[in-house]
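Heads up, the thing below is written out as structure tokens.
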Amino acid sequence: MTCMTNRLAPLFLLLLAASPLIAKPSADYADLVSPLIGTDSTRGFSHGNIYPAVAAPFGMTFWTPRTGEASGWIYQYGARRLRGLQATHQPSPWMGDYGNFGVMPFVGESTSELPSSAFSHDDEESKPHYYAVSLQDSGVRAEMTATTRSSVMRFTFPKGERAWLHFDAYGPGDFEIDESKKALEGTARANNGGVAADFGCRFVAGFNAPIKSVNRSPDKHWVAIEFAPPASGVVEARIGTSFIDHEQAGLNVDREIGDKPFDEVVAANKAVWNERLGVIEIEGATDDQRVTFYSNLYRALLFPRIFHEENAAGELVHYSPYSGRVEPGEMYADNGFWDTFRAVYPLLSIIDPEINASMVRGWLNAYREGGWFPKWASPGYRDCMIGTHVESVIADALCKGIDDFDVELAAEASLKDATALSDNGAYGRKGLAEYLKLGYAASDKTGEATARTLEFAYDDWCVAQVCEHAGRVDAIPQLLKRAQNYRNVFDPEVDFMRGRQADGSWRPDFKPDEWGGPFTEGSSWHYSWSVLHDLPGLIDLMGGDDAFIAKLDAMLAAEPTYGVGHYGGVIHEMTEMVACHMGQYAHGNQPVHHVLYLYNFAGAPWKTAAPVRQVVDTLYGPGPDGYCGDEDNGQMSAWYLFSTLGFYPVCPGKPGYAIGSPRFAKATIRLQNGEDFVIEADGVSDTAMHVGSVAVDGAAISRSWIQHSEIAGGGVMTLKMQDEPNREWAVAPDDRPFGDWTP
16 MTCMTNRLAP
26 LFLLLLAASP
36 LIAKPSADYA
46 DLVSPLIGTD
56 STRGFSHGNI
66 YPAVAAPFGM
76 TFWTPRTGEA
86 SGWIYQYGAR
96 RLRGLQATHQ
106 PSPWMGDYGN
116 FGVMPFVGES
126 TSELPSSAFS
136 HDDEESKPHY
146 YAVSLQDSGV
156 RAEMTATTRS
166 SVMRFTFPKG
176 ERAWLHFDAY
186 GPGDFEIDES
196 KKALEGTARA
206 NNGGVAADFG
216 CRFVAGFNAP
226 IKSVNRSPDK
236 HWVAIEFAPP
246 ASGVVEARIG
256 TSFIDHEQAG
266 LNVDREIGDK
276 PFDEVVAANK
286 AVWNERLGVI
296 EIEGATDDQR
306 VTFYSNLYRA
316 LLFPRIFHEE
326 NAAGELVHYS
336 PYSGRVEPGE
346 MYADNGFWDT
356 FRAVYPLLSI
366 IDPEINASMV
376 RGWLNAYREG
386 GWFPKWASPG
396 YRDCMIGTHV
406 ESVIADALCK
416 GIDDFDVELA
426 AEASLKDATA
436 LSDNGAYGRK
446 GLAEYLKLGY
456 AASDKTGEAT
466 ARTLEFAYDD
476 WCVAQVCEHA
486 GRVDAIPQLL
496 KRAQNYRNVF
506 DPEVDFMRGR
516 QADGSWRPDF
526 KPDEWGGPFT
536 EGSSWHYSWS
546 VLHDLPGLID
556 LMGGDDAFIA
566 KLDAMLAAEP
576 TYGVGHYGGV
586 IHEMTEMVAC
596 HMGQYAHGNQ
606 PVHHVLYLYN
616 FAGAPWKTAA
626 PVRQVVDTLY
636 GPGPDGYCGD
646 EDNGQMSAWY
656 LFSTLGFYPV
666 CPGKPGYAIG
676 SPRFAKATIR
686 LQNGEDFVIE
696 ADGVSDTAMH
706 VGSVAVDGAA
716 ISRSWIQHSE
726 IAGGGVMTLK
736 MQDEPNREWA
746 VAPDDRPFGD
756 WTP
């Protein structure tokens, strides 16, 4: 995804806000995680475009080392100077940060020059619960840990040196210091949009050492505080954050950290991560595979971030980026649904259905407070990407029995997305008027029109599912009719989806590898498969099983050519597709994430294993270049998790998963209901990647998909793996996903 728009409670209780802990880990999973994976990225080529977040699962505020000066690339692995430890809420460099501020230790004199220091990865430790680095210029050892809304930082200064901490709001800010209380109050107001009135991240910091002197910038962007450290040279800062007010920030840090020693807070956060990561246990993996797997699971447990807080009365409240007021109930932020509806929410429906329901309640509160669902929430409405995919998130939850939210309100909000015209690109559907009149968005009227048509058709299908659960049966026939609008942008003469103009003619000069124009961050090679909800219909359009299979083969065998189209130049997703070495398959962007599993739908599931295994083994890894594109709020990671487990949610909103090729000999998913779902891949190896047969709880199944209920109820799926494809397994029409299941 690229979008550029310019008193004390026990510590574990604070993270229960994210969801009940249900795993009993038998390993130190947190130590397997490398948050540095994906940090070797630039504007021109993404290996993840992420930073090493020290955080609680789904935490409101993350904390990260900062190497960048003033760009969205907060931390780049190739950088050699560190500029601070930063509180961040950034979901993507393309969206930018908000309410961010930094802390940087230094020694000597305080000047107007912003402090920085050389550092080495040899003196750096990065884990989900802890970060430490030695600063070469000053000799300071900097460490930090985090809770959901707070952090403790520990700085060990060389003896005999003047000890300073530089607090920087990276823009408009306010700082008030109470020297007698050894405390600071600050407000960081920087943002890139998506906020309402009186926005700011309020923070409070308490110190263990007396304050000796203060130096302030004339523009109030930063303040430097000199301390009189104890004999140990250690200065600690306990920082609480809030989007409500400073009193709430103080309440957050008191609840979450209090007077606990630094090492105890580190250990508690590590225990929380071990619980969370222990929800899936893999066996038969190499050391590198274990690091890659659990690092991807860590990424899938970060977004969307909790945006609500607990007030003094114990009630959940939140600053609303939609109304600008403090509102009751849950709220979440920082999610691009165009990315995450595909695999992140389906993953949560298995491993954490309770937080899945909580997130839906949060998005319903966004509708209550702003009048629309967000398309990209960061923290509120942002004009980025296409489609209205909160409907998919809700439909997927409902079809899996997750309904602890106002289903009638969900139907109301979903229907508004599907029927009401919006003049704001941050919500609603751009091109909807043409879509309603013509049956497609016209490429000579609306940008990215064909991609919009395909995604609107899927979204309409999702809205129909929500209406079914809400009893709004009157709306369903028209929605299901509109869900067939994908047919209106398929040109049988070229056998591709393509742009169509308002007069019904096709957009001229069609090239299947030309990016942009009627498509979003891709070409017709990528979007012609975007009919998640009616793959039998798409297969029929393309000429039947054999023709469909041949077209999938052709995509993987084609030269990775591209035309820059309306972009006017190369964008990073283009070069990442070339680097994948998989023809026109562009795994670095989300529209194709389901495509390798489409062989199952045409009766050739045996063709799925090899390309899925190629992606798993060559496009993910344990190093700083461990992704092949933007990680995008957990979507890239969730794809890996599903695919290594051996199944994938091709159509969120349908309660089933296409079976692929499990990577590990055994995986155990620990469910919230106390049951385990176990995947056994007998005989799996680097070459034995093909499914020979499948049994669920000992009973052989001939279908190439598994029902959600079979997973959610616990049990064992056993796959016999072999070197050669089994061309007879799951080829009959009734054995293809999703069989005879109908909504």
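Reminder that position 103 of the sequence shown reads as 118 in the numbering used here, one-by-one numbering, no gaps.
Where a beta carbon is used, it is the ideal one built from N, C-alpha and C, also for glycine.
This one's a predicted model, so the numbers in the text were calculated from it and none came from an experiment.
Annotated as distal: V478 and E369, with beta-carbon spacing of 7 Å or more. Contact check for A464 against A456 passes: the beta carbons are separated by less than 7 Å. DSSP lists G671 as the beta-bridge partner residues of Q722. For K735, DSSP records a beta bridge to D697 and S708. DSSP places M119 outside any alpha helix (DSSP H); the residue lies instead in the beta strand (DSSP E), whose first and last residues are F116 to V122.
Distance from the CA atom of I52 to the CA atom of A435, rounded to whole angstroms, is 42 Å.
Put simply, the stretch 633-642 does not touch the stretch 379-390. Fewer than three CB pairs are less than 8 Å apart. Annotated as proximal: P143 and Y313, with beta-carbon spacing under 7 Å.
Annotation: Y396 is outside any beta strand (DSSP E) and is labelled neither H nor E by DSSP. Three or more Cβ pairs closer than 8 Å define a contact, and the stretch 596-609 meets that threshold against the stretch 642-650.
For T79, the uninterrupted beta strand (DSSP E) run begins and ends at F77 to R81, by DSSP. A distance below 6 Å between beta-carbons, with the five flanking residues on each side excluded, links Y347 to the following residues of its chain, in chain order: P319, F322, M374 and G377.
Cβ neighbours of W288 within its own chain (closer than 6 Å, five residues either side excluded): A45, P143 and H144. Relative to Y642, the option among D55, M704, L47 and G74 whose CA is nearest is D55. Taking a contact to require three or more Cβ pairs closer than 8 Å, the stretch 166-177 and the stretch 284-302 do not qualify as touching. Between K735 and S708 a beta carbon distance of about 5 Å is seen, short of the 8 Å cut, so the two are scored as contacting.
A327 and L266 have their alpha carbons spaced roughly 7 Å apart. Looking from the CA of P244, the closest CA among A198, S310 and F170 belongs to F170. In the three-state scheme derived from DSSP, where H, G and I count as helix and E and B as strand, E290 is classed as helix. The C-alpha of M732 lies about 6 Å from the C-alpha of V693. L547 sits close to C666, with the two beta carbons spaced by under 7 Å. Under the three-state reduction of DSSP, H548 is assigned to coil, being neither helix nor strand.
Boundaries of the beta strand (DSSP E) around N230: I226 to R231. One thing to note: G580 has its Cβ within 7 Å of the Cβ of G532. Taking V504 as the centre and dropping the five residues before and after it, the same chain places the C-beta of Y455, T465, T468, M512 and R515 closer than 6 Å to its C-beta, in chain order.
With contact defined as three or more Cβ pairs closer than 8 Å, the stretch 605-621 and the stretch 738-757 are in contact. The Cβ neighbour count for N380, taken over all protein chains shown within 10 Å, is at least 16; the residue is labelled buried.
Cβ-Cβ separation between V229 and I192: approximately 6 Å, consistent with a contact (criterion under 8 Å). For V359, the enclosing alpha helix (DSSP H) begins and ends at V359 to I366. Secondary structure at H602: coil, using DSSP grouped into helix, strand and coil. No Cβ-Cβ contact shorter than 7 Å links S338 with G209.
In this structure, R678 places its C-beta atom within 7 Å of the C-beta atom of V631. Take the alpha-carbon of S520 and the one of S429: they are about 31 Å apart.
In the pairwise beta carbon analysis, the stretch 188-206 is classified as touching the stretch 105-124: at least three pairs are separated by under 8 Å.
Between the alpha carbons of A625 and G754 lies a distance of about 24 Å. Shown here for S335: same chain residues with a beta carbon closer than 6 Å to its own, the five before and five after excluded, namely E342 and E384 in chain order.
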